[in-house]
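This report concerns only the one structure given below.
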Amino acid sequence: MAILNIVKIGDEVLRKKCRPVERIDKRICTLLDDMKETMALASGVGLAAPQVGVLKRIAIVDNGKEVLELINPEIIKEEEVQEGYEACLSLPGQCGIVKRPLKVTIKAKDRNGSEITVFGEGLTARAFCHELDHLDGKLYIDIASEMIDESGAE
Ligand code: NI
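And the structure:
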């Protein structure tokens, strides 16, 4: 496994639309393993492939119990609304207030190519939306109602 470099805001790779994964091969599995290790080291709850410079529809989300591997994920259901703080490993030292669905159901493939349906509520639902947005070149700052600089500036 390897620690990958997390791309930061300003790099145009974060603004590109990712392509679907056509074939889940060893390279994809290695990418998933490396993304997991990279996210754990950065203490993140989610990471999308474009954040490590790969324009493929792959994301991982830590739901508190396990790290979900999402290949070609799609939101199939959204319920209720939450508003709260959101941050991104590609925008260190910042956070913003973002409205998201409270409950989100996702359909995706796992590394074995099996179709999975996963449900998330609260922070996990927020992470699902945030990471899937990354796959379309969208960042939370595009929809944040307010930004907060955590560097201590008033
Ligand atoms: Ni992010």
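Each residue of the sequence shown is one higher than the last, beginning at 8 in the working numbering.
All C-beta atoms, glycine included, are put in the ideal place defined by N, C-alpha and C.
- Task: Specify, as a first and last residue, the run of the beta strand (DSSP E) that ARG107 falls within.
- Result: 101-116
- Task: Give the secondary structure of ARG185 by DSSP, where H, G and I count as helix, E and B as strand, and everything else as coil.
- Result: Absent from the model: residue 185. The displayed extent of the chain is 8 to 161, so no value can be given.
- Message: Quick check: does the Cβ of LEU96 come within less than 7 Å of any heavy atom belonging to ligand 1?
- Response: The nearest non-hydrogen atom of ligand 1 is less than 7 Å from the C-beta of LEU96.
- Out of ASP32, ASP140, ALA47 and GLY129, point me to the one whose CA is closest to GLY120's CA. ASP32
- Simplified DSSP assignment, three categories, for GLU29: In the structure shown, GLU29 adopts coil according to DSSP, grouped into three states.
- So, is TYR147 buried or exposed, given that buried needs 16 or more other C-beta atoms within 10 angstroms? For TYR147, the number of other beta carbons within 10 angstroms of its own is at least 16, and it is reported as buried.
- Among ASP156, LYS145, SER152 and GLU153, which one has its Cα closest to the Cα of GLY17? LYS145
- Rounded to a whole number of angstroms, what is the C-alpha to C-alpha distance between ILE65 and GLY91? 25 Å
- Message: At the level of alpha carbons, what is the spacing between GLU93 and VAL105?
- Response: Their backbone Cα atoms lie some 6 Å apart in a straight line.
- Item | Test item: CB-CB of LEU98 and VAL59 under 8 Å | no
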